[in-house]
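Asks: Here the working numbering is used: the first residue of the sequence shown is 1441, the next is one more, and so on.
Got a structure here, written out as structure tokens. Questions coming.
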Amino acid sequence: MSTHTAAAGGVQVCSLKRDTPQTIPANSPYTVIRFPFGSAESTDAFAMHQVSQPDGYVITNWDSDPRSGLIWPSVAGWGTLHAMIQWEAGNYDELRDQFVRDPLGLTPNPNDTTATEHRPPSPGMQCWTKSWGIFVNPSVPLAVRATHDDGVARKIVLAEFKLVIHESA
């Protein structure tokens, strides 16, 4: 795990990578993409993606617990979210993804979505990237969610989720 640091008024980064498949059920609601802890290609020097969550909850199985998809911002500020999602080939008419503040109903204002995109498929594997800027707060977790409209369950085969916070001075 990387140990990048930044001075006050600087930039804080959390960068997550999932390189094992995650199954998304057929015609399901949006599903939080889950990420492992301590992955060699992940960076979390500011403790934004931890097994022990800021509200005291402890994740015991990252691959089945949707809380493993949460990034809890370390400070308030202007955040830039980035995601990369690669789906297996399938019989899709539409692939959908979005960023969401509090996707699991942990705050008084759950499911505050932004940057929702519905996309037609391309030939073969489906590979997408997205970026979006939002104000972030340490008490409101963030996630990237996805779904599809294929008639059978499909796999996300690779995903990344990143938050870059530009701290307020």
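Heads up, the beta-carbon is just placed ideally off N, CA and C, and yes, glycines get one too.
DSSP three-state call for A1586: helix, strand or coil?
Replies: A1586 falls in the strand class under three-state DSSP.
Asks: In three-state terms, what does DSSP make of S1508?
Replies: Correct three-state label for S1508: helix.
Asks: DSSP three-state call for E1557: helix, strand or coil?
Replies: In this structure, E1557 counts as strand in the three-state DSSP scheme.
Asks: Relative to the C-alpha of E1607, which candidate in V1576, P1550, V1592 has its C-alpha closest?
Replies: Closest by alpha carbon: V1576.
Asks: If we count the other Cβ atoms within 10 Å of its Cβ and call it buried at 16 or more, is D1533 buried or exposed?
Replies: Exposed: under 16 other Cβ atoms inside 10 Å.
Asks: Could you tell me which of I1473, A1466, W1518, Q1490 sits nearest to D1503, measuring between CA atoms?
Replies: Taking only the C-alpha atoms, the option nearest D1503 is I1473.
Asks: With a 10 Å radius around its C-beta and 16 neighbouring C-beta atoms as the bar for buried, classify W1512 as buried or exposed.
Replies: Buried is the call here.
Asks: Here's the rule I'm using: 16 or more other beta-carbon atoms within 10 Å means buried, otherwise exposed. How should S1562 be labelled?
Replies: Looking at its Cβ environment, which holds fewer than 16 other Cβ atoms inside 10 Å, S1562 is exposed.
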